[in-house]
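Numbering (the working numbering), first residue to last: 36 to 289. Comments concern the structure below.
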């Protein structure tokens, strides 16, 4: 007698959802590679990044990333982990090659300020005038609630991590290094990381920096103390920060 085997419907649904999700993410890297600058980045940097990740028992096929920028120090750090790990490892550090504005938050369009706070990558631009660029989700809800009298458009926007070495409020790291970061970000997105965090601090919150900068910027002390809490939590655990934003625009960390 011929036997028939039936796949339970719940397993079939899980399989279909997983396949569609996988295809969606694979489509993302394929779409990105349609652009010449992205193909150039992969051609020049994929082998190097593969080798560096292997030293940490990771690969381009299983990473999540997190990025941290320090305005005063002019440093930009990339952290990596596998999709299943909780803690990140520091991977690469780059110089921010040009700065604009002053220390402190961005509060309006045209102030040349680099935002400070906790954001994520919200745009991949493979056709950037600055070789390649990654959009930063400014203004976030904290920025909007701290400036309730301003319309969103008055807060400015279009803040990017990008190549070249010019800026009026963005974070430039040169064409050479944006190739590396862009490939890492595309791979993380392809691996299912839909929100890649980027934390921007005025400086490393050491005692020396606080003693120097706090007295000179008394109007910023409350804001800086708030984001310092997130800085200290990340420094201690190297884990993705979880937080809410209250009515005053303060970060409330879990």
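Note that the Cβ used here is the ideal one computed from N, Cα and C, for glycine as well.
Contact between residue 141 and residue 191 is confirmed by a C-beta separation of about 6 Å, below the 8 Å threshold. Taking the Cβ atoms as the reference, residue 231 lies roughly 6 Å from residue 100, within the contact range of under 8 Å. Looking at the backbone, the Cα of residue 137 and that of residue 183 are separated by about 22 Å. Going by DSSP, residue 93 is part of no alpha helix (DSSP H) at all; its letter is neither H nor E. Judged by pairs of C-beta atoms under 8 Å, the stretch 153-169 does not touch the stretch 247-261, as fewer than three such pairs exist. With fewer than 16 other CB atoms across the displayed protein chains lying within 10 angstroms of its CB, residue 83 is exposed. For residue 217, the enclosing alpha helix (DSSP H) starts and ends at 209-225. Relative to the Cα of residue 178, the nearest Cα in the group 71, 200, 196 and 152 belongs to 152. As summarised for the stretch 112-199, the continuous beta strand (DSSP E) elements at least 3 residues long and confined to that stretch are 124-130, 152-160, 168-171 and 194-197, given in chain order.
Cβ neighbours of residue 73 within its own chain (closer than 6 Å, five residues either side excluded): 67 and 161. Each of 111, 64 and 115 was checked against the Cα of residue 89, and the nearest Cα belongs to 115. Residue 170 places its beta carbon less than 8 Å from that of residue 195. Here residue 281 is exposed: its Cβ has fewer than 16 other Cβ atoms, across all protein chains shown, within 10 Å. With respect to residue 208, residue 236 sits apart: the two C-beta atoms are not nearer than 8 Å. Residue 111 sits away from residue 213, with the two beta carbons spaced by 8 Å or more. Between residue 106 and residue 240 the beta-carbon gap is near 12 Å, outside 8 Å, which marks them as no contact. Secondary structure of residue 274 (DSSP, three-state): strand. Inclusion of residue 284 and residue 181 in the CB contact set at 8 Å is warranted, their separation being smaller than that value. Straight across, the Cα-Cα distance linking residue 271 with residue 121 is about 13 Å. Of the other Cβ atoms in all chains shown, 16 or more fall within 10 Å of the Cβ of residue 197; this residue is therefore buried. Taking the CA atoms as reference points, residue 146 sits about 43 Å from residue 92. Taking 8 Å as the upper bound for CB-CB distance, residue 222 and residue 95 are in contact here, some 5 Å apart.
Nearest in C-alpha terms to residue 273, of all of 63, 264, 189 and 125, is 125.
Sequence-distant partners of residue 225 (beyond 5 residues in either direction) whose C-beta falls short of 8 Å from its own C-beta, in its chain, are 60, 61, 63 and 64.
Taking 8 Å as the cut-off, the Cβ atoms of residue 288 and residue 257 do not count as close. Within 10 angstroms of the beta-carbon of residue 229 lie fewer than 16 other beta-carbons, which makes it exposed. Taking C-beta separations shorter than 8 Å and ignoring five residues to either side along the sequence, the partners of residue 87 in its chain run 126 and 127, following chain order.
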